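Below is one structure, written out as structure tokens; the observations come after it.
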Amino acid sequence: MNGGLEAVGQIRGAFARAIADVGSVHGVPMLRLRKQDVPAVAHYIHTDPHVRGSLSLLWAVDHRPREGRYELCYLFTLAARKEWLLLATDLHGDEREFPSITPHLHAAKWYEREIRDLFGLIPVGHPDMRRLVRHEHWPKGSHPLKKECAWDQVLERVQGEYAFRKIHGEGVFEIPVGPIHAGIIEPGHFRFSVAGEPILQLEVRHFWKHRGVEKLFEQQRLTEAVPLAERVSGDTSVGHSLAYCQAVETLLGMTVPPRARYLRSIFLELERLHNHIGDVGAICNDTAYALAHAHCGRMKEQLMQLNDRLTGSRFLRGVNTVGGMAMDLSGTQLSQVDAELQAIEQEFSGIEKILFANASLTERLESTGVLSEHIAWDHAVMGVVGRASGIDRDLRRDRPFAAYHECQPKVAVYRYGDVRARMRVRLDEVHESIRLIHTCCRQLPMGPVSTGPVEAPTPGQWAVSAVEGWRGEILYVVMAGAEGRIHRCKIRDPSFVHWPAIQWAALGNIVPDFPLINKSFNLSYAGNDL
Amino acid sequence: MFRIIKKSLSTGVVTGQYPAAKALSEPVSREAIEKAKPFRRSLTIREVDTGSCNACEMEMNALANPVYDVERFGVHIAASPRHTDALVVTGPVTVNMERALKDVYKQTPDPKLVIALGDCAINCGMFKGSYAVTGPVERHIPVDVRIAGCPPRPAEILAVLETLRGAPADRDK
Ligand code: SF4
Numbered sequence: 001m002n003g004g005l006e007a008v009g010q011i012r013g014a015f016a017r018a019i020a021d022v023g024s025v026h027g028v029p030m031l032r033l034r035k036q037d038v039p040a041v042a043h044y045i046h047t048d049p050h051v052r053g054s055l056s057l058l059w060a061v062d063h064r065p066r067e068g069r070y071e072l073c074y075l076f077t078l079a080a081r082k083e084w085l086l087l088a089t090d091l092h093g094d095e096r097e098f099p100s101i102t103p104h105l106h107a108a109k110w111y112e113r114e115i116r117d118l119f120g121l122i123p124v125g126h127p128d129m130r131r132l133v134r135h136e137h138w139p140k141g142s143h144p145l146k147k148e149c150a151w152d153q154v155l156e157r158v159q160g161e162y163a164f165r166k167i168h169g170e171g172v173f174e175i176p177v178g179p180i181h182a183g184i185i186e187p188g189h190f191r192f193s194v195a196g197e198p199i200l201q202l203e204v205r206h207f208w209k210h211r212g213v214e215k216l217f218e219q220q221r222l223t224e225a226v227p228l229a230e231r232v233s234g235d236t237s238v239g240h241s242l243a244y245c246q247a248v249e250t251l252l253g254m255t256v257p258p259r260a261r262y263l264r265s266i267f268l269e270l271e272r273l274h275n276h277i278g279d280v281g282a283i284c285n286d287t288a289y290a291l292a293h294a295h296c297g298r299m300k301e302q303l304m305q306l307n308d309r310l311t312g313s314r315f316l317r318g319v320n321t322v323g324g325m326a327m328d329l330s331g332t333q334l335s336q337v338d339a340e341l342q343a344i345e346q347e348f349s350g351i352e353k354i355l356f357a358n359a360s361l362t363e364r365l366e367s368t369g370v371l372s373e374h375i376a377w378d379h380a381v382m383g384v385v386g387r388a389s390g391i392d393r394d395l396r397r398d399r400p401f402a403a404y405h406e407c408q409p410k411v412a413v414y415r416y417g418d419v420r421a422r423m424r425v426r427l428d429e430v431h432e433s434i435r436l437i438h439t440c441c442r443q444l445p446m447g448p449v450s451t452g453p454v455e456a457p458t459p460g461q462w463a464v465s466a467v468e469g470w471r472g473e474i475l476y477v478v479m480a481g482a483e484g485r486i487h488r489c490k491i492r493d494p495s496f497v498h499w500p501a502i503q504w505a506a507l508g509n510i511v512p513d514f515p516l517i518n519k520s521f522n523l524s525y526a527g528n529d530l
Numbered sequence: 531m532f533r534i535i536k537k538s539l540s541t542g543v544v545t546g547q548y549p550a551a552k553a554l555s556e557p558v559s560r561e562a563i564e565k566a567k568p569f570r571r572s573l574t575i576r577e578v579d580t581g582s583c584n585a586c587e588m589e590m591n592a593l594a595n596p597v598y599d600v601e602r603f604g605v606h607i608a609a610s611p612r613h614t615d616a617l618v619v620t621g622p623v624t625v626n627m628e629r630a631l632k633d634v635y636k637q638t639p640d641p642k643l644v645i646a647l648g649d650c651a652i653n654c655g656m657f658k659g660s661y662a663v664t665g666p667v668e669r670h671i672p673v674d675v676r677i678a679g680c681p682p683r684p685a686e687i688l689a690v691l692e693t694l695r696g697a698p699a700d701r702d703k
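Which chain is which? The protein sequence lines are P and X, in order. So that you can map any letter, position 330 of the first sequence is 330 in the numbering used here, and since no number is skipped, the others follow by simple counting. If you want the numbering used here, it's the 1-based position in the second sequence plus 530.
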């Protein structure tokens, strides 16, 4: 029986009067609630031992041009069978306030602040009402995702100052780092409060790279926004474009041909490979183990050159398109991929042995930057970081997309939540990726690689899609607007969830270990800041 | 130990194993080469990301891997603008990064070069026109060298850096 529907039955039993309507969106059960009941129901979903839902996404839509309301949607992933469950509520007329669920669910914290900044809706009862996306110098009242705000009116600059959380006490001092960093890293600000060496508190201040991506999507046509999706977070070009394509395909009733599904899996795994191998090297580099860094850097480069030869792009850009693939791989190319990956796997295993024979390396990784399972669960952490903290979630197995129904991915889960566990997850996934690509190459069916749309989208229709990118779950919500345009596109890179979590992982560690912890998370700033 | 030595011997030298760079769409100007003269043997770079999608960063990072090994040309990445000869700027300039970019420029001692890396830095790319983007790099600080591409390949970046070091022809002198 369907776990999502079971949960719906249970919630209906417990909250009979709160539920205005039960429906579904492309197979995902959806409950429409009165806004004042949302916190209680969300709390119930999160804590009830049979439901145990973690908040995967929270977003707002401005429907006012057509319907005179704002809508808030809450997407939960239920623990047992990783089913999805949606809650929705409306703010009618002049209503601008909604009850915050953050006091019950940590995971909602940034989402609600984001909604406040971009839509001007106020999460009443939120414990932290500081600005998140809007930096201090944005003028009061600028909420760019409101429909009346022009997409191309550059923001003015006013005076203002962000209030960091202060820790007072003898010997406590602050270390500000960023936004521009010493190496080649994206901009972001970290504020450490330390007493001696250990970190008492870390506050992450991001959104320096906010480029207005979601608003830019609203200027595009449904079928033409793939290049923009590829540029949300460049290192995840395939993950993001695939998640976007899948959402639009659901909207347009398209069935992607089998060959294209397999190719998608191959490219997604190729992307995972070069990123994971690069990360393993980068983690070693931060422990000053240059040898492993050099070897991993070389293998990563080899993989990117392979990408370039296959597709003309080192980042595999331009491969996904709405309805399938924009290109195909020939038999020779496939055997070339297979052969090259077998060689890389052998080499990589050799490096792995060298790594684990090195006590000074493993010493440094063990018990550094621990993210406990409890905190990870509370913050709805998933992906590589989650799997290193005992959260057994992987969309490739739990909600199979592309060709994953047919190649049974094995999921690597470790429990300690330290840097070593995050590295181990990556090491295991490298081998698994190579195996998956090998399986896909062997099973690749013949046939066309793309298809055309079946339905014209009705304005207001929407779909959610999810892809297990190399960092974790990438979610896209795409809502159709008039004339094949996009009304709303909500993007969630896993980094948005993991940045708040890293603030916990850093506690009690010494400042010089932070770069190492940060590398072991390796989060995207661009995908977070949008 | 034996494993490490064996690995190093079996791997051999990989430096230089990359496809040749495509010709640049915009050649490096004579003024820029002239300006780079004092840094010929040692060019120290500071990377400033003002809102890129991070692929441009990844290609800058790739320059440090053993295949490109940019340090063999005396190119270093500096940890502070005070030690910098050239700023490499990637991404369109977001409203939130505008001030930081100007600050870095001010803090970099003269003479200095500014290299706009990637289409975004040159003309804002796909982010052109957004409410959160104030314009390409040259709207805020003078730009000497432009490297087009989305992102430009490491070999192409390397070719420009070599040109700045003097003619690539005297590479082995
Ligand atoms: S030029 Fe292309 S690769 Fe570089 S930051 Fe812009 S979108 Fe990303």
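For every residue, glycine included, the Cβ atom is placed at its ideal position computed from N, Cα and C. The structure presented is a predicted model; accordingly, all values stated were derived computationally and were not measured.
Quiz item: What number of angstroms, rounded off, separates the C-alpha of H189/P from the C-alpha of L530/P?
Solution: The residue labelled residue 189/P in the question sits at position 189 within the first sequence. The residue labelled residue 530/P in the question sits at position 530 within the first sequence. Roughly 16 Å between the two C-alpha positions.
Quiz item: Does the count of Cβ pairs from the stretch 675 to 682 of chain X and the stretch 637 to 653 of chain X closer than 8 Å reach three?
Solution: With a cut-off of 8 Å, the stretch 637 to 653 of chain X and the stretch 675 to 682 of chain X count as touching, because enough Cβ pairs lie within range.
Quiz item: Can you name the residues of chain P whose CB is closer than 7 Å to the CB of P596/X?
Solution: Taking the second sequence and counting its residues from 1, one reaches residue 596/X at position 66. What P596/X touches in chain P: A294, G297 and R298.
Quiz item: Which class does Q201/P belong to by DSSP, given the choice of helix, strand or coil?
Solution: Within the first sequence, numbered from 1, the residue matching residue 201/P stands at position 201. Strand, per DSSP.
Practice problem: Step through the CB atoms of chain P and report whether any lies within less than 9 Å of the CB of D615/X. | Solution: For the purposes of this step, residue 615/X is taken as residue 85 along the second sequence, with counting starting at 1. Not an interface residue.
Quiz prompt | chain P contact for V544/X (CB, 9 Å cutoff) | solution = On the second sequence, position 14 is the one that residue 544/X refers to. For V544/X, the answer is yes, since a Cβ of chain P falls inside 9 Å of its Cβ.
Quiz item: In chain P, which residues lie less than 8 Å from G679/X when you measure between Cβ atoms?
Solution: On the second sequence, position 149 is the one that residue 679/X refers to. Simply none; closest approach about 11 Å.
Quiz item: Is it true that the stretch 465 to 472 of chain P meets the stretch 324 to 343 of chain P, where meeting means three or more beta-carbon pairs spaced less than 8 Å apart?
Solution: no
Exercise. Establish whether the CB of H137/P and some CB of chain X are separated by less than 9 Å.
Key: As a position in the first sequence, residue 137/P is number 137, starting the count at 1. With 9 Å as the cut-off, H137/P counts as an interface residue toward chain X.
Quiz item: Do we get a CB-CB distance below 9 Å when we pair Y525/P with the residues of chain X?
Solution: Numbered from its first residue, the first sequence carries residue 525/P at position 525. Output row for Y525/P: interface = yes.
Quiz item: Roughly how many angstroms lie between the CA atoms of S54/P and F496/P, to the nearest whole one?
Solution: Here the question's residue 54/P lines up with position 54 in the first sequence. Here the question's residue 496/P lines up with position 496 in the first sequence. If you take the alpha carbons of S54/P and F496/P, they lie about 15 Å apart.
Exercise. Closer than 8 Å, Cβ to Cβ, to anything on chain P: give me those residues from the stretch 631 to 649 of chain X, in chain order.
Key: V634
Exercise. Could you check if G253/P is buried or exposed, using at least 16 other CB atoms within 10 Å of its CB as the buried criterion?
Key: Within the first sequence, residue 253/P is the residue found at index 253, counting from 1. Exposed, since its Cβ has fewer than 16 Cβ neighbours within 10 Å.
Exercise. Keeping to the same chain, check which residues put their C-beta closer than 6 Å to that of Q219/P; ignore five residues upstream and five downstream.
Key: Residue numbering aside, residue 219/P sits at position 219 when the first sequence is read from its first letter. Closer than 6 Å at the Cβ level, and outside the excluded window around Q219/P, lie W151.
Quiz item: If you measure beta-carbon to beta-carbon, which residues of the stretch 110 to 121 of chain P are closer than 9 Å to chain X?
Solution: If you check each beta-carbon in the stretch 110 to 121 of chain P against every beta-carbon of chain X, none falls closer than 9 Å.
Quiz prompt | Sequence-distant residues of the same chain with beta carbon closer than 6 Å to K703/X, five excluded per side | solution = Residue mapping note: residue 703/X aligns to position 173 of the second sequence, counting from 1. Since pLDDT at K703/X reaches only 38, below the 50 mark, its modelled position is unreliable, and the value read off the structure follows with that caveat. Counting only Cβ-Cβ distances below 6 Å, and skipping sequence neighbours, we find nothing.
Quiz item: Residue ranges of each beta strand (DSSP E) run of no fewer than 3 residues wholly in the stretch 643 to 684 of chain X, ordered along the chain?
Solution: 643 to 647, 663 to 665 and 675 to 677
Quiz item: Tell me which same chain residues have a C-beta within less than 8 Å of the C-beta of P596/X, skipping the five on either side of it?
Solution: Position 66 of the second sequence, counted from the first residue, corresponds to residue 596/X. Here the set comprises V544 and T545.
Exercise. Would you tell me roughly how many angstroms separate the C-alpha atoms of R64/P and K632/X, rounded to the nearest one?
Key: To locate residue 64/P, count along the first sequence from 1; it is residue 64. To locate residue 632/X, count along the second sequence from 1; it is residue 102. When rounded, the distance between both Cα atoms is 39 Å.
Quiz item: What is the rounded straight-line gap between the Cα of G281/P and the Cα of T255/P?
Solution: Indexing the first sequence from 1 puts residue 281/P at position 281. Indexing the first sequence from 1 puts residue 255/P at position 255. Going by the C-alpha atoms only, they are around 39 Å apart.
Quiz item: Since I535/X is in the alpha helix (DSSP H), which residue starts that stretch and which ends it?
Solution: If you number the second sequence from 1, residue 535/X lands on position 5. Per DSSP, I535/X is one residue of the alpha helix (DSSP H) stretching across F532 to T541.
Quiz item: So is the beta-carbon of N584/X under 8 Å away from any non-hydrogen atom of the ligand SF4?
Solution: Looking up residue 584/X in the second sequence gives position 54. True, at least one ligand heavy atom lies under 8 Å from that Cβ.
Quiz item: Can you name, in chain order, every residue of its own chain whose Cβ lies under 6 Å from the Cβ of Q201/P, other than the five neighbours on each side?
Solution: Residue numbering aside, residue 201/P sits at position 201 when the first sequence is read from its first letter. Excluding sequence neighbours, Q201/P sits near I167 and S193.
Quiz prompt | beta strand (DSSP E) runs wholly inside the stretch 121 to 149 of chain P, at least 3 long, in chain order | solution = 122 to 124
Practice problem: Label E269/P either buried or exposed according to how many other C-beta atoms from any shown protein chain fall within 10 Å of its C-beta, with 16 as the threshold for buried. | Solution: Taking the first residue of the first sequence as 1, we reach residue 269/P at position 269. By the 10 Å Cβ count, E269/P comes out buried.
Practice problem: Consult DSSP for A551/X and reduce its assignment to one of helix, strand or coil. | Solution: Your numbering for residue 551/X matches position 21 in the second sequence. Coil at A551/X, not helix or strand.
Exercise. Tell me whether D495/X counts as near the ligand SF4, meaning its Cβ is closer than 8 Å to at least one heavy atom of that ligand.
Key: A question about residue 495/X goes unanswered here, because the residues of chain X that appear run from 531 up to 703.
Exercise. Determine the DSSP secondary structure at E214/P, reduced to helix, strand or coil.
Key: Looking up residue 214/P in the first sequence gives position 214. E214/P: helix per DSSP, three-state reduction.
Quiz item: Using Cβ-Cβ distances below 8 Å, what residues of the stretch 175 to 192 of chain P are close to chain X?
Solution: P179, I180, A182, G183, I184, I185, E186 and P187
Practice problem: Drop a sphere of 10 angstroms on the beta-carbon of M423/P, count the other beta-carbons inside from all chains shown, and report buried for 16 or more, exposed for fewer. | Solution: Start at 1 with the first residue of the first sequence, and residue 423/P comes out as number 423. Its Cβ being crowded by 16 or more others within 10 Å, M423/P is buried.
Quiz item: For K519/P, which three-state DSSP category applies?
Solution: For the purposes of this step, residue 519/P is taken as residue 519 along the first sequence, with counting starting at 1. Three-state result, K519/P: helix.
Quiz item: Taking Cβ positions only, does D674/X come closer than 9 Å to chain P?
Solution: Counted from its first residue, the second sequence places residue 674/X at position 144. Output row for D674/X: interface = no.
Practice problem: Please list the partners that G581/X has in chain P, where partner means a Cβ-to-Cβ separation under 7 Å. | Solution: In the second sequence, the residue the question calls residue 581/X occupies position 51. Result: K209 and R211.
Quiz item: Within the 9 Å Cβ cut-off, does P549/X reach chain P?
Solution: Working through the second sequence from its first residue, we reach residue 549/X at position 19. Interface residue, yes.
Self-check item: Own chain partners of A547/P with C-beta closer than 6 Å, once the 5 adjacent residues on each side are dropped
Solution: For chain P, the structure presents residues 1 to 530; residue 547/P sits outside this window and is missing.
Practice problem: With 9 Å as the threshold, decide whether the Cβ of K353/P is near any Cβ in chain X. | Solution: In the first sequence, the residue the question calls residue 353/P occupies position 353. By this cut-off, K353/P is an interface position.
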